[in-house]
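Contents: one structure, followed by commentary.
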Amino acid sequence: SPDSSIALRFLLGGASAFVGCTGAHWSPNDTPEQGAGGPMQTAFIDHLQRGDPPARALMNAKLDYAAGIPHQLDGADGIAIEMKTLAQFTCLGIGW
27 SPDSSIALRF LLGGASAFVG CTGAHWSPND TPEQGAGGPM QTAFIDHLQR GDPPARALMN
87 AKLDYAAGIP HQLDGADGIA IEMKTLAQFT CLGIGW
């Protein structure tokens, strides 16, 4: 609900934007940088470091992530996890 939204709490607290997940995302313990949320997080940071503002960095990270599916997760369950990861990262507010 909006009352329990972490993103909305940040915005109500004065943040101009929130970039993150709309829910909990999964990264495996053995190689988190290679599967599930790891590649999305890595791509986002890479784009920020190249100078993209947050909203553009997220958009570009999502494009990179989608192009790399499947990462290290196998089968239908792995694809479902990656599609969920792709869908749940968002930018709310003014991220430009």
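Just remember that my numbering sits 26 ahead of the position in the sequence shown, which is counted from 1.
Cβ atoms here follow ideal geometry from the backbone N, Cα and C, with glycine treated the same way.
No experiment lies behind these values; they were computed from the predicted model shown.
| Check | Outcome |
| --- | --- |
| Hey, Thr-116 and Met-66 are a contact pair by Cβ (cut 8 Å); roughly how many whole angstroms apart? | About 12 Å; that fails the 8 Å criterion. |
| Taking just the CA atoms, how far does Gly-63 sit from Leu-84? | 13 Å |
| What are the boundary residues of the alpha helix (DSSP H) that Ala-92 is part of? | 80-94 |
| Rounded to the nearest angstrom, how far is the Cβ of His-73 from that of Ala-87, given a contact under 8 Å? | 6 Å |
| Kindly indicate the opening and closing residues of the alpha helix (DSSP H) around Leu-38. | 32-38 |
| How should Gly-61 be labelled, buried or exposed, when 16 other C-beta atoms within 10 angstroms of its C-beta is the threshold for buried? | buried |
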